[in-house]
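J.:
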Amino acid sequence: MASYKKFVLLRIPQVVLTLVGLSILIFTLVRFIPSDPARTAIGPGASEEVYQEYREELRLDEPLHMQYIGFVQDIFNGSLGESTRTGNDVAVDIIEKLPATLELIALGFTVAVLLGIPFGIVAGLNKDRLPDHFSRFVALSGIAFPRFWLAITFQVVLVSWLGLFPLTGRISGAAPAHVTGFYTIDSLIAGNFDKFTDAVWHLILPATALGFSTFSQVTRLVRSEMIEISRADYIMTGRSQGIPEWMIAYKYMLKNAFSSTLTVLGFRIGGMLSGATFVELIFNIDGIGRYTLASIVRLDYNAIVGVVLVLGVTYLISSAIVDMLYGYLDPRIRLEA
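First residue of the sequence shown? That's 1 in full-length UniProt numbering, and the numbers climb one at a time after it.
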């Protein structure tokens, strides 16, 4: 346990330094966009006096390093700057939009893991047989077809042709009373199970389109790990001693296979965050993806920096958690660290 605590303590400063580097990189790169955010925000018809006042308000008249220092100070004060598009603090906009995206990712990620691991196990234990062929076909389909194509296909087949699911949006009718911004959670808090069911029903298609590639990668990785581990000497010894196959698979093979899968899951969270934009557009979900795209179109510097920074922090934290779980499951990682 002492070695694990040391392992975790070593990871914390690494994450902090990475966050600092990420903030500097994002802030600097956005400032090199060949456009004037002040002029874009106030329009070409504004007077020079108004233009200069707005530049001062955005700190664009200051040197780049002073702009960054002011940006960091604002972060510690709970602000990410004012959005030139909405007029709100970017932090307020992100808090408002992020729950829709996280709700979508949470369901897609959960379903991908809960289905991908069993599919991979069955495929690995039945190598080159029918279950394996079927699992590989489904997994390769998820990798081959992009998210936006799956989303449109779902809408055409399952909505327009069969009428099984709602076309767009997060819920039918009025949203539940706002508590967390997550419609499923807010519906449960309000005790309205009809709205909860409706919110989940609206999530199924976009979450499936978003999480299908993650499901495919989890399936393929678990399958490969199960096949590789099944050839290990200790597995062969267990079989020769008459240990039941299900016990070998569950107690010895699955843990090792899942340890390797954890690394991929950490990266897939970041992939789902970036891939949510097109899914949100197609299903008309007012989440962080649509907000980011609109901010890029309007060259809203503060919003772009704020969103990318929040998504980067989310990605780094998820990767750090996965790294710590990996170190907990595999003592060799702790020793190497």
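Using N, Cα and C, we set each Cβ at its ideal position, and we do this for glycine too.
Taking only the alpha-carbon atoms, compute the straight-line gap between Val279 and Ile235 and give it to the nearest angstrom.
T.: 43 Å
J.: Under the assumption that Tyr315 contacts Leu262 (Cβ atoms under 8 Å), give the Cβ distance between them as a whole number of angstroms.
T.: Rounded, the Cβ-Cβ distance is 15 Å, inconsistent with contact.
J.: Where do the N-terminal and C-terminal ends of the alpha helix (DSSP H) with Phe71 fall, by residue?
T.: Counting along the chain, the alpha helix (DSSP H) containing Phe71 begins and ends at 64-76.
J.: Among the residues of its own chain, which have a CB less than 8 Å from the CB of Asp89, if the five just before and after it don't count?
T.: Once the five neighbours on either side are set aside, the close Cβ partners of Asp89 are Ser79, Leu80, Gly81, Glu82, Ser83.
J.: Among all the DSSP beta bridges, which residues are the ones paired with Glu82?
T.: Asp89
J.: Do the CB positions of Tyr68 and Phe134 come within less than 8 Å of each other?
T.: no
J.: Of all the options Ala123, Pro13, Val30, which has the alpha carbon lying nearest to the alpha carbon of Asp300?
T.: Val30
J.: What do you reckon, are the CB atoms on Glu103 and Leu203 nearer than 8 Å?
T.: yes
J.: Among Ser260, Thr197, Val310, Phe109, which residue has its Cα nearest to the Cα of Leu210?
T.: Taking each of Ser260, Thr197, Val310, Phe109 in turn and checking the Cα distance to Leu210, the smallest one comes out for Phe109.
J.: Specify whether the segment 111-130 and the segment 217-229 touch according to this definition: at least 3 beta carbon pairs, one from each stretch, less than 8 Å apart.
T.: Counting Cβ pairs under 8 Å, three or more are found: they touch.
J.: Rounding to the nearest angstrom, what Cα-Cα distance links Ile275 and Gly120 in this structure?
T.: Here residue 275 turns out to be Gly, not Ile, going by the sequence shown. Distance between the alpha carbons of Gly275 and Gly120 is about 24 Å.
J.: Are Phe283 and Thr153 close, meaning C-beta to C-beta below 8 Å?
T.: No. Outside cutoff.
J.: State buried or exposed for Ile273, treating a residue as buried only when at least 16 other CB atoms are found within 10 Å of its CB.
T.: Checking the displayed sequence, the identity of residue 273 turns out to be Leu instead of Ile. Flag for Leu273 reads buried.
J.: Check Gln241 in the structure and name its three-state DSSP category.
T.: coil
J.: Could you give the distance in angstroms between the alpha-carbon of Thr180 and the alpha-carbon of Ile229?
T.: 43 Å
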